[in-house]
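Chains as they are written, first to last, in the working numbering: chain B, 1 to 184; chain D, 1001 to 1184. Written out below as structure tokens is the structure these notes cover.
There are 2 protein chains.
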Amino acid sequence: MMTRTQVTAAQARAATILSAGSVVLTTNEQTQIEIADFGLGEFERTGLAIVVYVNTDRYCAKELVLTPQQTCPEHRHPPVGADRGKEETFRCRWGQVWLYVEGEPTAPMQARLPAGSEEAYTVFHQITLIPGAQYTIPPNTKHWFQAGPQGAIVSEFSSTSRDEYDVFTDQRIRRLPEVAGDAD
Amino acid sequence: MMTRTQVTAAQARAATILSAGSVVLTTNEQTQIEIADFGLGEFERTGLAIVVYVNTDRYCAKELVLTPQQTCPEHRHPPVGADRGKEETFRCRWGQVWLYVEGEPTAPMQARLPAGSEEAYTVFHQITLIPGAQYTIPPNTKHWFQAGPQGAIVSEFSSTSRDEYDVFTDQRIRRLPEVAGDAD
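Shown next, in the form of structure tokens:
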């Protein structure tokens, strides 16, 4: 669990990366950047920052911000009721990201698996995203991604986000953030 | 109808504005920028450039690029079959845009109505969008927008786009582009 101080520092770092990529946020948006550590307690290694621009019952748009070599862990978006599962398009805006999806494993792959969590990664077909490149991930298919040496900004365009239903390969993961008081 | 030479020049101008806003396109995307003059033959005054990143049966994302004082004319997105009409979120990335929607007219308003087309504008509730500001337009409601003195880049996040069903207030408008050979 991250402390409020740690969350605030992570938000500031994400804001700096967004600024490097000329992505403008309002002051209010900066204070509301979501810091996802997935409950693993190793945000620098496994986590990402998220700016949700809009999430209606029809579509969603976000910026995903990663620090250098930071990894968003493997997951899929399953069907939920009448929704056949979130479909999402990742478009790299700044930096570089290696996206891994189901398919023929790429060898050698560029990303390094997060130490201690190697077993939680099972798909290794590599898509390299540099600014201007994009890729659309079908519903209910496994994927994960890791930023390159500068970090990355990725615009995510998608159907409705229902993060609480995401299925992670790593059973230890808790998707929804828990923030501790600094005294905890 | 615009000639191929005029379209290419308009694409180059849009690419320059996108570059000023640090929005990176691939070379292929630059050649496919849609130049919409709405059949009015006055692109500098009434028109816009569009980069479609993705348009699936669930969601759509575009960049809209306007030159200084350029106007996207008043229209609405009606229901189409089971679709209750396109819902869209405009987020200003660079420059400035005045968006007009249904509601209490703003006086004085900042935009100037395109000369000769004044009767084709009927909604005047003004939303000023600067970088970081955004606004969501409900389905089937009239709206139009005009760029400020620098031009503008607006990210559009939406449900599926079906441009051919858009309903414009100006009956002269043809939404889908027609391009003439340079000899025409």
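All residues carry an ideal CB built from backbone N, CA and C; glycine is no exception.
Answer with buried or exposed for residue i, where buried requires no fewer than 16 other C-beta atoms within 10 angstroms of its C-beta.
i: S1158/D; result: buried
i: D57/B; result: exposed
i: P79/B; result: exposed
i: E34/B; result: buried
i: G1047/D; result: buried
i: T1001/D; result: It is Met, not Thr, that sits at residue 1001/D in the sequence shown. Exposed: under 16 other Cβ atoms inside 10 Å.
i: D1184/D; result: Here the model assigns D1184/D a pLDDT of 41, short of 50, so the residue's position is not dependable, and the following value carries that caveat. Per the 10 Å Cβ criterion, exposed.
i: R4/B; result: exposed
i: G1148/D; result: buried
i: A14/B; result: buried
i: Q126/B; result: buried
i: Y1053/D; result: buried
i: E1118/D; result: exposed
i: A1012/D; result: exposed
i: P1114/D; result: buried
i: Q70/B; result: buried
i: V7/B; result: buried
i: Y1100/D; result: buried
i: A10/B; result: buried
i: A36/B; result: buried
i: R112/B; result: exposed
Tell me, please, which residues DSSP counts as bridged to residue i.
i: S155/B; result: E63/B and R91/B
i: A36/B; result: L48/B
i: R76/B; result: V167/B
i: T71/B; result: T46/B and Q146/B
i: N1055/D; result: C1060/D
i: I192/B; result: Residue 192/B lies beyond the stretch modelled for chain B, which goes from 1 to 184, so this question has no answer here.
i: I1127/D; result: L1099/D
i: M1/B; result: DSSP output for M1/B lists no bridge partner at all.
Could you tell me whether the Cβ atoms of residue i and residue j are closer together than 7 Å?
i: I153/B; j: V65/B; result: yes
i: T1016/D; j: E1074/D; result: no
i: F1090/D; j: Y1135/D; result: yes
i: F145/B; j: C72/B; result: yes
i: T26/B; j: G151/B; result: no
i: E1088/D; j: I1137/D; result: yes
i: C92/B; j: A49/B; result: no
i: K142/B; j: R45/B; result: no
i: G1081/D; j: N1140/D; result: no
i: N1055/D; j: S1161/D; result: yes
i: Q1096/D; j: I1130/D; result: yes
i: Y1059/D; j: Y59/B; result: yes
Round the Cβ separation of residue i and residue j to the nearest angstrom and send it over; I've been treating them as touching at under 8 Å.
i: A20/B; j: W98/B; result: 19 Å between Cβ atoms; not a contact.
i: S1022/D; j: S155/B; result: Going by Cβ atoms, the distance from S1022/D to S155/B rounds to 13 Å, so no, they are not a contact pair.
i: F1038/D; j: R1175/D; result: 6 Å
i: A61/B; j: A1061/D; result: 7 Å
How about residue i: is its C-beta nearer than 7 Å to some C-beta of chain A?
i: T1089/D; result: Absent from the structure is chain A; the protein chains it does hold are B and D.
### Task
Would you list, in chain order, the members of the stretch 129 to 153 of chain B that have their beta-carbon closer than 9 Å to a beta-carbon of chain D?
I130, P131, G132, A133, Q134 and T136
#### Entry: Interfacial residues, the stretch 1059 to 1087 of chain D to chain B, with Cβ spacing under 8 Å
Y1059, C1060, A1061 and E1087
### Query
Using Cβ-Cβ distances below 9 Å, what residues of the stretch 1091 to 1114 of chain D are close to chain B?
R1091, C1092, R1093 and W1094
### the stretch 29 to 46 of chain B: positions lying closer than 8 Å to chain D by Cβ
E29
### Task
Name, going along the chain, the residues of the stretch 1011 to 1026 of chain D whose beta-carbon falls closer than 9 Å to a beta-carbon of chain B.
G1021, S1022, V1023, V1024, L1025 and T1026
### Message
Using a Cβ-Cβ cutoff of 8 Å, what residues of the stretch 153 to 177 of chain B are near chain D? List them in chain order.
### Response
S155, F157, S158 and S159
### Query
Of all the residues that make up the stretch 48 to 59 of chain B, which are near chain D by a beta-carbon distance shorter than 8 Å?
Y53, V54, T56, R58 and Y59
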